[in-house]
Structure formats: C-alpha cells, structure tokens
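Protein chains in written order, with numbering that gives the first Met the number 0: chain H, 0 to 493; chain B, 0 to 493.
There are 2 protein chains.
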Amino acid sequence: MDVQELLHALRAITGPGHVDARDDVREEDTHDEALTGEPSVPLAVVRPSTTEQVSALLALADAERIPVVARGSGTGLSGGARPVAEGIVVCFDQMAKILEIDEQNHVAVAQPGVTLHELDGALRPLGLVYPVHPGEMRSSLGGNVATNAGGMRAVRYGVTRHHVLGLELVLPGGEVLRTGGKLVKSSSGYDLTQLVLGSEGTLALVTEVTVKLVPRFAHHATLLAPFSTLGLVAAAIPPLLASGIAPVILEYLDTGAMGAIVEEAGIELGIPCHVRETTAAYLVVVLESARADRLDEDTESAAELLERHGALDVYVLQPSAGTSLVSARERVFFVAKALGADDIVDTVVPRSEIPALLARAAQLGDQHGAIISGCGHVGDGNVHLSVFQPDARRRHELLEALFRAARDLGGAVSGEHGIGTEKRSYFQELEDPAKISLMRRIKAAFDPNGILGPGRLLDTPLPQAAAASGRSAAGSGPSAAAAGWSVERSSEGR
Amino acid sequence: MDVQELLHALRAITGPGHVDARDDVREEDTHDEALTGEPSVPLAVVRPSTTEQVSALLALADAERIPVVARGSGTGLSGGARPVAEGIVVCFDQMAKILEIDEQNHVAVAQPGVTLHELDGALRPLGLVYPVHPGEMRSSLGGNVATNAGGMRAVRYGVTRHHVLGLELVLPGGEVLRTGGKLVKSSSGYDLTQLVLGSEGTLALVTEVTVKLVPRFAHHATLLAPFSTLGLVAAAIPPLLASGIAPVILEYLDTGAMGAIVEEAGIELGIPCHVRETTAAYLVVVLESARADRLDEDTESAAELLERHGALDVYVLQPSAGTSLVSARERVFFVAKALGADDIVDTVVPRSEIPALLARAAQLGDQHGAIISGCGHVGDGNVHLSVFQPDARRRHELLEALFRAARDLGGAVSGEHGIGTEKRSYFQELEDPAKISLMRRIKAAFDPNGILGPGRLLDTPLPQAAAASGRSAAGSGPSAAAAGWSVERSSEGR
C-alpha cells in the first residue's frame, strides 16, 4: 500500500474531511508542548468520530504495519503525541462528547477528546467535580489517561489512575474491549484499566473513559508560608497531613519560581522585605471544606502548625489573591518557556527526599553551568524543575545525573508527565532492564506488530513492513519542508 | 525429577524444617475458607524465609514445570490458596516481618505474611492506619494484594489497590523485580504494581509490599437506620455522599442477615417491634473524625438526611453497641457458614443497581428453591450473599444466572474476594472472550510455562511437563487419603 492508497483507505473509513495528508497537516499537529524535540510531520492526521472508525483505522494500520500515534489536545510535555514521520496520527478532537453524567453513581462517561475544562463546566452546576486538575485544563481526558496525569490536587485526591473506573479500548487489529465500569472495585481478572492507564498510547487506543466524581466543596482558603530552608518545608508536611487536615494543594516554590510567576501574573503578595530576604522556599497550602466554619478552624490550625514547624510567617490570602496565586502556579510551565527554559523535568521521589534531590540538583546545576529552578507537589515528592542550559549534550548529562539521583533516592523519572519520546533515553538507561523486558512482553501481548506509539516509553522499533513500503518520510520530505517546518527523520524507533 | 528429588531440592533451598512433604502436609494447608471445593493435598508445602529462597524456588519450579500456589493466611473465600495436587504450595507465614514504618512518608513496608492485625497493632501507637479492613484481620497482606481485598471501609478509603505503592516480585524463573516505591504517583512505564494487584498469584509471587498510611481518627459514631425497602436505602446513598460527610462505612443488611448476626453476637439493638415489622433492610453508617465536635455535627446531619430520605427511624448507637454491631457484621461469613450456607458470592454492580440485582436474586432463589440472604457495601455496589441450596447443579445454575444478571447490570463476578478456583467457571463463561484472551497473553508475558496458580482465575492448563513426570497426584493418593482427607483429583487445570 503506497501513500495514496493509504490516504484513500483512511478517507474511506472516516470520510474525506477527516484526513489531512502530509502536505495539509496543521502545524500544531506536528508536536506537543515538550520543549525539546523537533516537530515531526506524519503521513496523515486522521480524526475519527466513532469507536467503529477507530477500530477500522487500527485494523488497517495493523494489517499494513503503519505506526499510529494518538493525540488528544497536544498539551503533553514529553513528546507523547509527537508524530512518527512514517506513520499516522489518530487525533481525538472529533470524539469529544460527554456521554453521561450519572448522579446516582457519581460517575461521568466521556469520549477521550473531552477537555478537563469542558468536563468541569458540565459538573459544576451539579455540585460534583472530577478532581484531577493537572495545570492544563485544556488537556483532554484521553491524554490524561495516557500519561496518568496528576496535578496539584493529587495530595488529596490522587491522580488519574485513582479516578478512572473503566475504559473502552481498541486494540491493534481493531478489537474493541470494555474494561471496568461504573464500579469502584472489582477483583475479577487482571485490571486492564489500570494497565492501560499511563501506558502513553502504546498498548491500545482509548475511545471512552468512565471516571469517578466527588462532591465539589464551596469553601477554599489559601495559606502562603515562607521558610528559610526547603528542608523545613519538607519537615512540616508529615505533621500537617497527620493532623487530619486534608489539604487539597501542598505546593512548594523556590524563590526563582515564585518571583517569576508573581511577576508574570502581576500579583503583589505583600510579604515584607525582611521576610523575603531570608526565604528560601514558599509553601502554598489550599484547604477546602463544605462548611465555612470548618474551613476557618482548619485555616487557623494549619497556620499555627506551620508556624510551630518553622515557617517564617504564615499569610492567609484573600480569596482573589489565593485564586490568582494558584492560577499563576498552574502557568509556571509557560512562564518557564517564555523565559527560555531548555527543558523541564517532573521527577518524583519519596516526599522526604525532596530536599536531598534539590540539593543534588543545585550541585549538578553548578557543575554543568545550568540554572535549575522550580516548584512542585511537596506532599507527593514530585518536583517540577526548569533547566536552563542550551547545550544539548551538557543538558543531557545533567538530566541523566539528576534522574539517577532521583532513582537512587527511591524515585522515578516522571511523576505525571510521562516518558514520551523526550525522556525515553533516560528511562531506558536508568530503569531495571528486567522490568523493561517485562514491559516489552506486555506490549507484545497487546500490540504484537508494534504499531502503537513506536519510540515512546519503550524503544520499540518501527513496525517491520514500514521500511520496505513506499511510505517513508524521506519520500515526501521536500513537500513537507516546503510547507514551512522540518521533517524529523525519526529519532523515534531507532 | 521425581518426588524424592523434588523434596531434596526444596529442602536444599529452604532448609529441611521448612518443607512438608505430601504425607506431612497440615490439614489447614489443604484449603482456604471457600465453602465449596474439596481440600487438595500438594506434593509439598514450602515455607521460605527470604526473597532469595523464593527466587530459588521459582527457578526450580519453572525449570521443572511444577505448579506453584501461593498461600498467605488461608483466609481467602474463592479457593485462591487451594493447592494443586501435582504442585507445591509456597506459604508465606515465615516471611511475616514489618520491615519499616516510615513516619516521614506515611508508608509501611512489610513482608507478605504479615497479618492486617499485626500491621494495625504496630501502627496504632503512631496515630496512623492502613485503612483497608476486609472482614478478616487475620488475613495476610500478601493475600490482600493477591485478591485486591476491600472491606467495609472502601467507601471512604478505597481498596488494596489504592494503598499499595510498591512491590517486590519474583517471576517464574526466579527474577526479582521491584515495582513502584514510596511514591504516591509515577508515570514511568506500565504500572506493574497495579497489574500484579488482584492477579491472584498467577503472574508473580509477592515478597514485599509497600503501603500508604493515613491518619487514624480518634472519634467514631455508628448510626443504624431501618428502611422499608432496599430501594430507599440505595436512593439515600448519593445525597449522603454528595453532602460532603464522608462515611467510613456504609453497609446494608437484609433482615435475615441482621437477625443472624445480632443473635450470634448477642446484641440487643433496641429497635421497637413496630419498626422491625416494616423493615426490609438496615443501613449501618459509621462516621469518623479527628474532632469530637465535628463528629457530633456530622452525626446529626447524617441522621437528618437519612430521615429525610425515607429511613423509618435513625438510631445513634452507643459506642460499645456500634463497635459490637460492626464486629458482628465482620463475622457474617462465619455466621453464614455455621448456618449451613452452601456458597457465598460477592458480586459487584454500579451501586444504584443493587436493588435490581437483589430483586433478581430473590426471583432466582424462588426459581431454584434456594434461600439467598445477605448484606453488602451499599456505597460500593458490592453485595455479599449467602446461598443456601445444597444441590450443586441447581446452585450452579442459580449462581450463573445471578452473575449474568450482575454483568448485564454493568457489574462483575467478584468485588473483592477474587475468582480463585471456585468462581472461575462463572468468570470464564461470562467474561468477554477477547478480554480473557488478552489476559492469557499477559499471563504468558510473566509466566510463559504456566507454573503459577494453574486453574485459578484463568483456566490455564497444568504446565506441560507435569503430566509425564513421576509426580502425579494419583501416585501418592493412598497415603494422602490415609492421612484422613480426600485428594482432589485436580479440577484445576482442566
């Protein structure tokens, strides 16, 4: 099957208006938000409208050994949605319906292209919430499933994995499976839902997601506590959590990150100069409650507890200032990008090891001539660091040493962004080869021909038939280059 | 390798005192607590003390194609720990240490043989709790991992799956892997922890478990609300949960189950006769709080809410009566067993479908001349029914129809007990063959020779070499029979 035949077959499945051939691929479909990695133009971007179409697409792709990359909103940070030049992208923006909100079971059923913003809008009037809020509410539910997205509220509510109850999946070959359901528990076979969660589009394509909802609380308070060391921030977390006050957000920001986000957002926190001078890190605590009186009590208790555990001071922000600060924190990635960050990491360690990890990060920054600054989910051990070092080789050395330090502290490369294409080399270098090998066998159980997401997560090669076909990226390179962006010669898949 | 050679090899690994040959196998090691299924005597029961020994055992078993069944405390209810006559049992009661309680990260690390009771005793003085409490606190942590155990508190805290952060695993062949860690989140490859969780010993043996802990709350209240229909109970659950009051227990009991447990426990609930006469089901609500004043407020709010939603009355029990009632409810299985129940089921449906499921159960009971009575986790859709029908064929027809009804309502065969050997036929009959086939491929990725738990969950055959060896069950049947219990001729594995 040459490229024209492929396009014809794709259009027969989805209708002609839902297939962009290489020359017509939109610029935004050639990359995600990862700071590294060149854009890559696929043979085609296909926008199915139904599960049946996805099934037909995967049957075709599997038979023809065509690499398939799934795309949600393209807001990922690890290259997970970056096209394979020799393959197709299946974009889910036409499968973006909320299918059901079940108020009896506190469950929502949605297509993968639904954004968190859309889902939140539908749930708000019902007093319910899907509580996983990664920084980017334009992200799609399917993308959140692919990366097991987390976010600031994970300290209270957990991550995507803890809220997805069921999936509709399409396997390579086109088989459609339904896993789980409106069930908060089941012990009836291997948990395929959990296995596909966080598999970054390498095992199956997700065509429907069932999520658990929780009550939406009306009352929120934001506390801001400067500390003279990050070690003191980390030491305040266990007693705060043990107290029974269950914060919805527990973020630390170093002075660099705090300075950048308040400047970008134009927020004036009103912290006196003499406090700022001795501050090394800020802790932001957001509390929530169904009752205003309890929120006030908890706010007071938390403030006292933080002061007792070494906070230089504790500020209870006005509601609007609290909201602004949290919003500004959510935009930290874009602030870092605007300031010219060369890469970001979201490595995770046991929460008590955050100070050790960041001490090591500072050391590595010095050694490699890099600025490293950031913030993170201090209740979860998940740090978000911006790395400023334009030299790719030095940056790679630095990052590998940093991820190695995280691993040696009991951590993992990524807490919530996923490995994608951009962190794959680190993951492959640092993960236990026996586990990688087991993961490859699991992948083969789902995708024997290796068509799904080659080059993401695992360094699986391109499916075998592709190289011999008339579909290689090089063949149509010139037209793509003429369209104004570079054709990536597939660092994936090697 | 004949049986003598096998015993010699096993004793060389664990030391001679840790291997019981067939003739010396303890009666209690020949079964679990499942009401159905005959006891079965294995070739040997081995009690390793270290991960290295488990690794050596699995290397041997894999090379020799010897079936291996894992055993914790033997409190399972689905035959998961029932020996394969042609194989060995690896019993974890010598690997029962709590290795670490990490108060900084709110994490405990323990060997699989630790019982929930032991773990709870160690955590109590620290103000922390591992909140998954299936009815049986003598159950082992490893067994809880195998079945993804749940229990009454799942409505607030979730099930085992939601609290296990990491595992040490031994694969067939002897490879040792560590998954996860003291990490509440990770997006770094397929979640092997979650995949092994609930896999009932068919993918790997677990030699270490890392669990998340939560604060232990000091104050508890128990409310008891009789309702005239189960439909009204079910209808009261969504508003109760949406209110923001987060009950730690939400149980319904039908009048039969309530009568049986209060009689067995000698509890007098003091419910007037005229209320009892119109009661069809009881709702038990347990609330907890770090603060006595909030507990009182929540108790009052919950009582008002239940009255508003159709409770015939609401009784706030004295603390001692509340504790007694919850303990009595935890013993419901043993009460059913003592009363002669022929089987129990723990099927799960979307919680709003409990009344429909139980209406169908009553209908099926009438059709098949069976008494069906029970209780369940009404916040989770998970019912526990005792089935009184001694005729195996009629009972099988009834149960298959019941599980089919559950499936058609969007449910699954087991909510928390697992499939084991005893519910396997139903699971195989009712589950999507495409999913079963995928699960088999996943199993093969872990256990290519099929030595782990043949006949549990999936109807995998006995490993190939076993039939041709000199180790068949029939060969040593007489001595086992002489020891006073029947040798099961392996309905597993066919």
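Glycine included, C-beta positions come from ideal geometry on N, C-alpha and C. In this text, all values refer to a predicted model and were calculated from it rather than measured experimentally.
Option in the options with minimal Cα separation from residue i
i: H/Pro100; options: H/Tyr129, H/Asp365, H/Pro41; result: The sequence as given places Ile at residue 100 of chain H; Pro does not occur at that position. The shortest Cα separation from H/Ile100 among H/Tyr129, H/Asp365, H/Pro41 belongs to H/Tyr129.
i: B/Asp92; options: B/Ala320, B/Val285, B/Glu207; result: B/Glu207
i: B/His416; options: B/Thr322, B/Leu196, B/Lys442; result: B/Leu196
i: B/Val169; options: H/Phe332, H/Ala361, H/Lys434; result: H/Lys434
i: B/Leu76; options: B/Thr346, B/Asn448, B/Ala109; result: B/Thr346
i: H/Gln366; options: H/Leu202, H/Leu408, H/Arg394, H/His30; result: H/Arg394
i: B/Ile87; options: B/Gly134, B/Arg21, B/Thr35, B/Leu125; result: B/Arg21
i: B/Val213; options: B/Ala291, B/Pro225, B/Arg152, B/Ala203; result: B/Arg152
i: H/Val284; options: H/Arg328, H/Pro82, H/Glu352; result: H/Arg328
i: B/Val83; options: B/Leu252, B/Thr29, B/Ala291, B/Gln463; result: B/Thr29
i: B/Glu250; options: B/Thr50, B/Gly172, B/Val331, B/Gln193; result: B/Val331
i: B/Leu252; options: B/His218, B/Val24, B/Leu282, B/Leu231; result: B/Leu282
i: B/Arg137; options: B/Arg25, B/Gly258, B/Gln388, B/Gly71; result: B/Gly71
i: H/Gly142; options: H/Arg25, H/Val68, H/Pro15, H/His7; result: H/Val68
C-alpha gap between residue i and residue j, whole angstroms
i: H/Leu57; j: B/Asp458; result: 29 Å
i: H/Val144; j: H/Ala405; result: 24 Å
i: B/Thr277; j: B/Arg359; result: 21 Å
i: H/Gly79; j: H/Leu363; result: 27 Å
i: B/Pro238; j: B/Arg350; result: 13 Å
i: B/Gln317; j: B/Thr221; result: 8 Å
i: H/Val325; j: H/Leu240; result: 20 Å
i: H/Gly309; j: B/Ala289; result: 24 Å
i: B/Glu303; j: B/Ala245; result: 15 Å
i: H/Pro354; j: H/Gly126; result: 38 Å
i: H/Thr146; j: B/Ala280; result: 43 Å
i: B/Arg10; j: B/Asp446; result: 24 Å
i: B/Ala466; j: B/Thr420; result: Bear in mind that a pLDDT of 48 at B/Ala466, under 50, signals an unreliable position, so the number given afterwards is only what the model happens to contain. B/Ala466 and B/Thr420: Cα-Cα distance of roughly 20 Å.
i: H/Arg505; j: B/Lys184; result: Any answer about residue 505 of chain H is impossible in this case: the structure gives chain H only from 0 up to 493.
i: H/Val313; j: H/Pro225; result: 7 Å
i: H/Val261; j: H/Glu267; result: 7 Å
i: H/Ile12; j: H/Leu42; result: 16 Å
i: B/Asp19; j: B/Lys96; result: 22 Å
i: B/Arg440; j: B/Ser54; result: 23 Å
i: B/Gly173; j: H/Asp407; result: 24 Å
i: B/Tyr156; j: B/Gln103; result: 20 Å
i: H/Arg64; j: H/Ala233; result: 49 Å
i: B/Glu296; j: B/Val315; result: 12 Å
Buried or exposed (CB count within 10 angstroms, at least 16 for buried), residue i
i: B/Cys90; result: buried
i: B/Gly378; result: buried
i: H/Asp390; result: exposed
i: H/Gly368; result: exposed
i: B/Ser319; result: exposed
i: B/Cys374; result: buried
i: H/Pro66; result: buried
i: H/Gly339; result: exposed
i: B/Gln193; result: buried
i: B/Gly149; result: buried
i: B/Ala479; result: Confidence at B/Ala479 is low in this model, with a pLDDT of 35, below 50, so the placement of that residue should be treated as unreliable; the coordinate-derived value is given next. Label assigned to B/Ala479: buried.
i: H/Ala301; result: buried
i: H/Gln3; result: exposed
i: B/Asp292; result: exposed
heavy atom of the ligand SAM below 8 Å from residue i C-beta
i: B/Arg293; result: In terms of ligand content, the structure shown is empty, and the ligand SAM therefore cannot be addressed.
Practice item. Determine, using beta-carbon pairs with one atom in the region 169 to 187 of chain H and one in the region 205 to 219 of chain H, whether at least three such pairs fall under 8 Å. Key: yes
Check your understanding: Which residues, in chain order, does the region 287 to 313 of chain B contribute to contact with chain H at a C-beta distance below 9 Å?
Key -> Ser288, Ala289, Arg290, Arg293, Glu296
Practice item. Compile a chain-ordered list of the residues in the region 92 to 104 of chain H whose CB is closer than 7 Å to at least one CB of chain B. Key: Glu102, Gln103, Asn104
Review point. On the three-pair Cβ rule with 8 Å, is the region 424 to 443 of chain H touching the region 375 to 391 of chain H?
Key: no
Exercise for review: Identify each residue in the region 388 to 417 of chain B for which the Cβ-Cβ distance to at least one residue of chain H is less than 9 Å, and report them in chain order.
Suggested key: Gly409, Gly410, Ala411, Val412, Ser413, Gly414, Glu415, His416, Gly417
Exercise for review: Check each residue of the region 346 to 367 of chain B: if its Cβ is closer than 8 Å to any Cβ of chain H, include it; give the result in chain order.
Suggested key: Val347, Val348, Pro349, Arg350, Ser351
**Study point:** Contact residues within the region 417 to 429 of chain H, judged by C-beta distance below 7 Å to chain B
**Key:** Gly417, Ile418, Phe426
Check your understanding: What residues from the region 137 to 158 of chain B come within 7 Å of chain H, judged by C-beta to C-beta, listed N to C?
Key -> Thr146, Asn147, Gly149, Ala153, Val158
Point to revise | Contact residues within the region 183 to 198 of chain H, judged by C-beta distance below 8 Å to chain B | key: Val183, Lys184, Ser185, Ser186, Ser187, Gly188, Tyr189, Asp190, Leu191, Gln193, Leu194, Leu196, Gly197, Ser198
Exercise for review: Scan the region 158 to 174 of chain H for residues whose Cβ lies nearer than 8 Å to a Cβ of chain B and list them as they occur along the chain.
Suggested key: Val158, Arg160, His161, Leu170, Glu174
Practice item. Give, in chain order, every residue of the region 208 to 219 of chain H whose Cβ lies closer than 8 Å to some Cβ of chain B. Key: Pro214, Phe216
**Study point:** Proximal residues, the region 224 to 256 of chain H versus chain B, C-beta separation under 9 Å
**Key:** Ala233, Ala234, Ile236, Pro237, Leu240, Ala241, Ser242, Gly243, Ile244, Ala245
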